[in-house]
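Here is the structure we will look at.
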Amino acid sequence: MGAPKKIIAESMFATETPILREDERVPKLSARGTDWSKANISHGQDLYDPVKNPDGVVRLTNAHNGFLHDDLAAFINSHNQFDKGDCSYGKGDTGTLRLRTAMANHLNEYFSPVNNFDAEQITFAAGVTSLSEISAMILCDPGDAVMIGRPCHSGFEKDLCMRTGVNIEWVSFAGDNQFSLLEVADYDAAFEEAKARGSNIKALIICNPHNPLGQCYPPETLKALMEFCASKEIHLISDEIYALSTYKRGDRPSETFTSVRSVDPSGIIDSRQVHVLYGMSKDYGAGGMRLGCVISQNQNFTKAVQAVSRFASPSKFSMGLAAKFLEDRQFVHQFLQESRRKLLQGRLYAEELLKQTDIPFHNRGNSGLAIWLDLRGFIPSIGANYDPWFAEQLIAKRLEEAGVLVDRGAVFSAPTAGRFRLVFSVDSATLREGIKR
């Protein structure tokens, strides 16, 4: 049974908010406004604190690196001097030259690109969410589609489709490893099947490193995906937001991150078909900065992104702080080294707690901030007559009633019901309490 096509909410389970009866004298919302008003958007919960609020909700859904917040806040508090020019609109609505140069230099050091990143290839906006939507708008006309392997980032359904009229063609895999070179054939089969239905696919999107599976695409698979996109005359968008959140394990071979920009496109694909999404939210724990960028060697694509990004321009203050951060190379090196150490420590501690409570999980990969839980074994206990996806929703509801929030597999378009994503990059007391509940 396939995953549900329509996901409204990003919360643990997608329940529509009841529509209040409108006063007949008040003009009605538009059709799309009425549809969007049904979304179950959380404005925040009464969150757990081991000392101040031990009965609060343990939220293990937000994919932010809480291990970095103390060091990041200390840096910001010691570098928050601004001049009066930062108080105006100024220049750089899509990224100041200073920030774009700092990011290009940073990526050239850590991503090892075949051809160096250039500041003029980089466009900033208020988060990668905005740039995902903008990329879809620029590459697709309403009714066109992008293809994505399942499971994948829960936000794509909304980011790419909610306001654009773009559709998603989800790809399922015959094997159990969508990062294998062998699984590229499944993309080809899915493309041809969608084409036969009249679906006009314009791009393939991948998450590398992957969310929620925490694995990296090996170079040979990236090369094969580039060849696939070239053969179908579609674009390749690589969301590399977790690029530097990869850590080495001592108990098994560790995967390494390879950017699509570090694979030589010569004789494979026109480099103007390949685009990279990146930002400050994951690798640096700086989601509050609201800074993301898209990097492309396609000048027309970049100009179009710049034109649309005016509706999601980042703050001058955020751009100034991010530039200072990236320019301090010694601090960044130490910061990322400490991040990798804490991510490994947090992952191993989460695995230990899960094993103690006999909760199975996806035991591959060494990237990202989350673990992909396998609660499929609990579905029969809910009731044999229930649809598996409804049973998954009931499991999520019971977890919520117990005071712990995790994202269920349906929002990631998982191929089977019963998978949940648990974010482990929180303090040990919160993680321990959440798994206990």
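This note's numbering applies: residue -1 is where the sequence shown begins, and numbers increase by one. We put the beta carbon where it would ideally sit given N, CA and C, even for glycine.
Give the DSSP-derived three-state secondary structure of residue i in the structure shown.
i                 : result
asparagine 165    : strand
glycine 290       : strand
lysine 450        : Nothing can be reported for residue 450: it is not among the residues displayed for the chain, which extend from -1 to 435.
methionine 10     : With a pLDDT of only 36 at methionine 10, under 50, the local geometry of the prediction cannot be trusted, and no value is derived from it.
tyrosine 347      : helix
isoleucine 39     : coil
leucine 275       : strand
arginine 339      : helix
lysine 3          : With a pLDDT of 36 at lysine 3, under the threshold of 50, the predicted position of this residue should be treated as unreliable, and no value is reported.
leucine 58        : coil
lysine 246        : coil
phenylalanine 109 : coil
glycine 436       : The question about residue 436 has no answer here: the residues shown for the chain are numbered -1 through 435.
isoleucine 132    : helix
leucine 137       : helix
alanine 124       : coil
leucine 324       : helix
Rank the options by C-alpha distance to the C-alpha of residue i and give the top, closest one.
i              : options                        : result
isoleucine 146 : Lys156, Ser170, His62          : Ser170
tryptophan 370 : Ile433, Pro358, Arg96, Ser411  : Pro358
alanine 117    : Ser311, Pro207, Asn103, Gln332 : Asn103
glycine 344    : Cys138, Asp157, Ser426         : Ser426
leucine 397    : Tyr384, Phe410, Gly416         : Gly416
serine 316     : Glu238, Ala284, Asn51          : Ala284
threonine 219  : Asn175, Arg30, Leu27, Leu429   : Asn175
glycine 173    : Asp184, Gly163, Ser128         : Asp184
serine 128     : Lys434, Ala310, Lys322         : Ala310
valine 261     : Ser279, Lys301, Pro216, Ser243 : Pro216
For a quick check, are the C-beta atoms of residue i and residue j less than 8 Å apart?
i                 : j             : result
arginine 308      : aspartate 69  : no
phenylalanine 154 : serine 130    : yes
glycine 277       : valine 421    : no
isoleucine 235    : histidine 208 : no
histidine 151     : leucine 319   : no
isoleucine 267    : glutamate 238 : no
leucine 223       : valine 182    : yes
How about residue i: is its C-beta nearer than 8 Å to some C-beta of chain B?
i            : result
aspartate 91 : Going by chain labels, chain B is absent from the structure shown, which holds only one protein chain.
(message) Is it the case that the region 195 to 215 contacts the region 361 to 368, given that we only count it when at least three CB pairs across the two stretches are under 8 Å?
(response) yes
(request) Run through the region 365 to 434 for me and flag every whole beta strand (DSSP E) of 3 or more residues, listed as ranges in chain order. (result) 368 to 372, 417 to 421
(request) Please list the segments of the beta strand (DSSP E) lying wholly inside the region 166 to 239, counting only runs of 3 or more residues, in order along the chain. (result) 199 to 205, 233 to 237
(request) Tell me the start and end of each unbroken alpha helix (DSSP H) in the region 61 to 107 that is at least 4 residues and wholly inside, in chain order. (result) 67 to 76
(message) Check whether the region 133 to 142 and the region 277 to 291 are in contact - that is, three or more C-beta pairs closer than 8 Å.
(response) no
(request) Please determine if the region 272 to 283 and the region 55 to 64 are in contact, where contact requires at least 3 C-beta pairs separated by less than 8 Å. (result) yes
(request) Would you be able to state if there are at least three C-beta pairs under 8 Å between the region 240 to 255 and the region 30 to 39? (result) no
(message) Is it the case that the region 191 to 204 contacts the region 220 to 234, given that we only count it when at least three CB pairs across the two stretches are under 8 Å?
(response) yes
(message) Quick test of the definition: if touching needs 3 or more C-beta pairs under 8 Å, does the region 321 to 331 touch the region 260 to 273?
(response) no
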